[in-house]
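Take the sequence shown: its position 70, counting from 1, is numbered 66 in this note's numbering, and each next residue is one higher.
Below is one structure, written out as structure tokens, with a few remarks after it.
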Amino acid sequence: TTRTTWNINWSSQIFYAKNIAAGANSVTATFATAISSFGIVQIHEYAGVDKVNPLDGAAAAAGSGSAMNSGPMVTTNANDLLFGAGASIGNMGALGTGYTQRLNTFGNKTMDRNVTAAGTYSATATHGGGAWVMGIVAFKADIGSDATPPSAPAGLTANAVSSTQINLAWSASTDNVGVTGYQLERCSGTNCS
-3 TTRTTWNINW SSQIFYAKNI AAGANSVTAT FATAISSFGI VQIHEYAGVD
47 KVNPLDGAAA AAGSGSAMNS GPMVTTNAND LLFGAGASIG NMGALGTGYT
97 QRLNTFGNKT MDRNVTAAGT YSATATHGGG AWVMGIVAFK ADIGSDATPP
147 SAPAGLTANA VSSTQINLAW SASTDNVGVT GYQLERCSGT NCS
């Protein structure tokens, strides 16, 4: 996600990895500048997330005061995993409705929740006041094997532009998960199947 600067010169960012296989994995964190006092790295592992294209949205914000809010993030898929991470000058307090706390490192907390509808979401929390940062990321669920076939495309039209080019057009198919592509077959002759 995008790096968010807060408290003048501190920064926060959420990273994710895709196509991770079962077994031993390692994470290397490389900072852009030298760390003069401290750096916090929190690592989480989730199952059931889309392995190929997991990201469905992200938002982050920084501010001051006692209410922390990542700002709105719009998702396009139902059944997303929402992951939130916040940091503050003091200790973070109560998390927003529906979130489960995962880590509490020096008063900085991570949280998650599963949702069942596409929509606008944010990560929220309270804290004692002063500078804060809050981020949210939505990860699509792994759909596994899609058992519902898409509808057949409709309204196929063919326009012979030349002896070597035919332009095809049709109305898009629909599917409960999504149409990933179309297969076109060229067959010359009268006995094509």
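The beta carbon of each residue, even a glycine, is placed where N, CA and C say it ideally should be.
Please classify residue i: does DSSP put it in a helix, a strand, or coil?
| i | result |
| --- | --- |
| A74 | coil |
| I132 | strand |
| R98 | strand |
| K105 | strand |
| F79 | strand |
Ordered along the chain, which non-local residues of its own chain (more than five positions away) have a Cβ less than 7 Å from that of residue i?
| i | result |
| --- | --- |
| P50 | Y12, K14, F135 and K136 |
| G89 | A121, T122 and H123 |
| A114 | T71, T72, N73 and A74 |
Is residue j closer than 8 Å to residue i when the C-beta atoms are compared?
| i | j | result |
| --- | --- | --- |
| S147 | T170 | yes |
| D46 | D108 | no |
| A56 | G131 | yes |
| I162 | A168 | no |
| A83 | N104 | yes |
| T80 | S66 | The amino acid at residue 80 is misidentified as Thr; the sequence shows Gly. Against a cut-off of 8 Å, the Cβ pair of S66 and G80 comes out as a contact. |
| I16 | T(-3) | no |
Considering only C-alpha positions, which residue in the set the options is nearest to residue i?
| i | options | result |
| --- | --- | --- |
| N21 | N100, P68 and H40 | H40 |
| T93 | T112, K105 and S118 | S118 |
| V37 | T106, A74 and L180 | T106 |
| P68 | L164, F34, T116 and R182 | T116 |
| T29 | Q97, N5 and V111 | N5 |
| A154 | L164, P145 and T160 | L164 |
| I85 | T112, W166 and S7 | S7 |
Kindly list the residues whose CB is nearer than 6 Å to the CB of residue i, restricted to its own chain and excluding five residues on each side of it in sequence; keep chain order.
| i | result |
| --- | --- |
| A58 | T0, W2 and V129 |
| N87 | G103 |
Taking 8 Å as the CB-CB limit, is residue i close to chain B?
| i | result |
| --- | --- |
| H123 | Looking at the structure shown, chain B is missing, and only one protein chain is on hand. |
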